[in-house]
Amino acid sequence: MTDDTPVSGNQRRKMRSASRLYAVQALFQMEAGQQTVDSVIREFEDHRFGAHYDEGDMQEGDVDLFESLMRDAVNWQASIDQMTDRALVAKWPIGRIDPTLRALFRAAGAEMTQSDTPPKVVIMEFVDIAKSFYPEGREPKFVNAVLDHMAREAKPEAF
(Lines of atoms letter the chains of each structure in order from A and count residues from 1; the text may use other names and numbers.)
(Lines give C-alpha, C1' and ligand atoms only; values in the text may rest on other atoms or scores of the structure.)
Protein backbone atom coordinates (compact mmCIF):
# COMPACT_ATOMS: atom_id res chain seq x y z
CA MET A 1 0.00 0.00 0.00
CA THR A 2 1.24 3.43 -0.76
CA ASP A 3 1.15 6.12 1.90
CA ASP A 4 -1.44 8.18 0.02
CA THR A 5 -3.93 5.33 -0.45
CA PRO A 6 -6.85 5.69 1.98
CA VAL A 7 -7.34 2.65 4.19
CA SER A 8 -10.85 1.52 5.08
CA GLY A 9 -11.74 0.68 8.67
CA ASN A 10 -12.03 -2.99 7.77
CA GLN A 11 -8.63 -2.97 6.07
CA ARG A 12 -7.09 -1.21 9.10
CA ARG A 13 -8.49 -3.94 11.41
CA LYS A 14 -6.99 -6.62 9.15
CA MET A 15 -3.65 -4.82 9.17
CA ARG A 16 -3.71 -4.54 12.97
CA SER A 17 -4.59 -8.25 13.31
CA ALA A 18 -1.76 -9.15 10.92
CA SER A 19 0.67 -7.03 12.96
CA ARG A 20 -0.26 -8.94 16.12
CA LEU A 21 0.37 -12.25 14.37
CA TYR A 22 3.67 -10.96 12.97
CA ALA A 23 4.70 -9.79 16.45
CA VAL A 24 4.13 -13.30 17.86
CA GLN A 25 6.15 -14.81 14.99
CA ALA A 26 8.92 -12.23 15.35
CA LEU A 27 9.18 -12.65 19.14
CA PHE A 28 9.38 -16.42 18.64
CA GLN A 29 12.07 -15.92 16.00
CA MET A 30 14.02 -13.55 18.26
CA GLU A 31 14.08 -16.10 21.08
CA ALA A 32 14.90 -19.07 18.84
CA GLY A 33 17.53 -17.30 16.76
CA GLN A 34 19.07 -14.98 19.33
CA GLN A 35 18.33 -11.97 17.11
CA THR A 36 17.96 -8.35 18.15
CA VAL A 37 14.62 -6.59 18.12
CA ASP A 38 15.84 -4.15 15.46
CA SER A 39 17.00 -6.88 13.08
CA VAL A 40 13.75 -8.84 13.41
CA ILE A 41 11.60 -5.72 12.95
CA ARG A 42 13.56 -4.83 9.81
CA GLU A 43 13.29 -8.38 8.43
CA PHE A 44 9.53 -8.57 8.96
CA GLU A 45 8.83 -5.13 7.54
CA ASP A 46 11.06 -5.76 4.51
CA HIS A 47 10.16 -9.39 3.78
CA ARG A 48 6.81 -10.29 5.36
CA PHE A 49 4.50 -7.27 5.30
CA GLY A 50 2.54 -7.54 2.05
CA ALA A 51 4.97 -10.07 0.55
CA HIS A 52 3.90 -12.08 -2.47
CA TYR A 53 4.61 -15.83 -2.55
CA ASP A 54 3.58 -18.68 -4.82
CA GLU A 55 1.48 -20.06 -1.93
CA GLY A 56 -0.32 -16.75 -1.50
CA ASP A 57 0.13 -13.19 -0.35
CA MET A 58 1.01 -12.03 3.13
CA GLN A 59 -1.28 -9.41 4.66
CA GLU A 60 0.02 -5.87 4.87
CA GLY A 61 0.63 -4.92 8.49
CA ASP A 62 0.25 -1.84 10.65
CA VAL A 63 3.91 -0.84 11.03
CA ASP A 64 3.35 1.39 14.06
CA LEU A 65 1.46 -1.28 15.99
CA PHE A 66 3.99 -3.97 15.05
CA GLU A 67 6.95 -1.87 16.15
CA SER A 68 5.32 -0.82 19.41
CA LEU A 69 4.34 -4.42 20.25
CA MET A 70 7.87 -5.59 19.54
CA ARG A 71 9.65 -2.85 21.48
CA ASP A 72 7.20 -2.95 24.39
CA ALA A 73 7.40 -6.75 24.61
CA VAL A 74 11.19 -6.52 24.81
CA ASN A 75 11.38 -3.46 27.08
CA TRP A 76 8.71 -4.72 29.48
CA GLN A 77 9.46 -8.46 29.16
CA ALA A 78 10.34 -9.01 32.83
CA SER A 79 7.13 -7.46 34.16
CA ILE A 80 5.01 -9.10 31.42
CA ASP A 81 6.57 -12.50 32.22
CA GLN A 82 5.89 -11.96 35.94
CA MET A 83 2.28 -11.07 35.19
CA THR A 84 2.01 -14.17 32.98
CA ASP A 85 3.53 -16.34 35.73
CA ARG A 86 0.88 -15.09 38.16
CA ALA A 87 -1.80 -16.08 35.64
CA LEU A 88 -0.39 -19.58 35.21
CA VAL A 89 -0.77 -22.37 37.72
CA ALA A 90 2.23 -22.73 40.03
CA LYS A 91 3.49 -25.87 38.29
CA TRP A 92 3.75 -24.09 34.94
CA PRO A 93 6.09 -21.09 35.10
CA ILE A 94 6.52 -19.21 31.83
CA GLY A 95 9.86 -20.96 31.22
CA ARG A 96 7.99 -24.26 30.80
CA ILE A 97 5.44 -22.85 28.36
CA ASP A 98 5.69 -23.63 24.65
CA PRO A 99 7.84 -20.92 22.96
CA THR A 100 4.99 -19.95 20.63
CA LEU A 101 2.66 -19.37 23.58
CA ARG A 102 5.41 -17.50 25.43
CA ALA A 103 5.78 -15.15 22.43
CA LEU A 104 2.00 -14.76 22.26
CA PHE A 105 1.73 -13.91 25.97
CA ARG A 106 4.54 -11.36 25.62
CA ALA A 107 2.95 -9.64 22.61
CA ALA A 108 -0.50 -9.65 24.23
CA GLY A 109 0.94 -8.46 27.54
CA ALA A 110 2.72 -5.61 25.77
CA GLU A 111 -0.48 -4.45 24.11
CA MET A 112 -2.51 -4.96 27.26
CA THR A 113 -0.19 -2.94 29.49
CA GLN A 114 1.27 -0.33 27.13
CA SER A 115 -1.62 0.67 24.88
CA ASP A 116 -5.16 1.98 25.06
CA THR A 117 -6.59 -1.06 23.28
CA PRO A 118 -9.49 -2.44 25.35
CA PRO A 119 -8.38 -5.66 27.12
CA LYS A 120 -11.31 -7.63 25.68
CA VAL A 121 -10.14 -6.73 22.16
CA VAL A 122 -6.58 -7.84 23.02
CA ILE A 123 -7.88 -11.14 24.40
CA MET A 124 -10.10 -11.80 21.36
CA GLU A 125 -7.32 -10.97 18.88
CA PHE A 126 -4.70 -13.16 20.57
CA VAL A 127 -7.10 -16.07 21.12
CA ASP A 128 -7.71 -15.94 17.34
CA ILE A 129 -3.93 -16.08 16.81
CA ALA A 130 -3.74 -19.10 19.15
CA LYS A 131 -6.46 -20.76 17.05
CA SER A 132 -4.35 -20.24 13.92
CA PHE A 133 -1.34 -21.94 15.55
CA TYR A 134 -3.32 -24.66 17.36
CA PRO A 135 -6.51 -25.28 15.34
CA GLU A 136 -7.21 -28.67 16.92
CA GLY A 137 -5.85 -28.18 20.41
CA ARG A 138 -6.97 -26.87 23.77
CA GLU A 139 -4.42 -24.06 23.67
CA PRO A 140 -6.88 -21.32 22.59
CA LYS A 141 -8.97 -21.94 25.74
CA PHE A 142 -5.80 -21.91 27.82
CA VAL A 143 -4.72 -18.63 26.16
CA ASN A 144 -8.15 -17.14 26.84
CA ALA A 145 -7.96 -18.04 30.55
CA VAL A 146 -4.40 -16.75 31.00
CA LEU A 147 -5.05 -13.50 29.10
CA ASP A 148 -8.28 -12.93 31.02
CA HIS A 149 -6.35 -13.21 34.30
CA MET A 150 -3.60 -10.91 32.98
CA ALA A 151 -6.16 -8.34 31.79
CA ARG A 152 -7.93 -8.27 35.15
CA GLU A 153 -4.58 -7.55 36.80
CA ALA A 154 -3.40 -5.02 34.22
CA LYS A 155 -6.69 -3.11 33.76
CA PRO A 156 -9.20 -4.09 36.45
CA GLU A 157 -11.28 -0.99 35.67
CA ALA A 158 -12.16 -2.53 32.27
CA PHE A 159 -14.15 -5.33 33.93
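Reminder that position 137 of the sequence shown reads as 137 in our numbering, one-by-one numbering, no gaps. Even for Gly, the Cβ is constructed at its ideal location relative to N, Cα and C. These figures come from a predicted structure and were not determined experimentally.
Endpoints, the alpha helix (DSSP H) within which T88 is located
Stepping through the sequence shown from its first residue, residue 88 is reached at position 88. A small correction: the amino acid at residue 88 is Leu; Thr does not occupy that position in the sequence shown. Segment: none, L88 is in no alpha helix (DSSP H) and carries neither H nor E.
Simplified DSSP state of Y134, which is helix, strand or coil:
Here residue 134 corresponds to residue number 134 of the sequence shown, with the count starting at 1. Y134 falls in the coil class under three-state DSSP.
With T36 and I80 assumed to form a contact (beta carbons below 8 Å), what rounded beta-carbon distance in angstroms separates them?
To locate residue 36, count along the sequence shown from 1; it is residue 36. To locate residue 80, count along the sequence shown from 1; it is residue 80. Going by Cβ atoms, the distance from T36 to I80 rounds to 18 Å, so no, they are not a contact pair.
Give the DSSP-derived three-state secondary structure of G160 in the structure shown.
Look at the range of the chain in this structure, 1 to 159, and you will see that residue 160 is not part of it.
Would you be able to state if there are at least three C-beta pairs under 8 Å between the segment 22 to 36 and the segment 99 to 113?
yes
Classify Q35 as helix, strand or coil using the three-state DSSP reduction.
Start at 1 with the first residue of the sequence shown, and residue 35 comes out as number 35. The answer is coil: DSSP assigns Q35 none of H, G, I, E or B.
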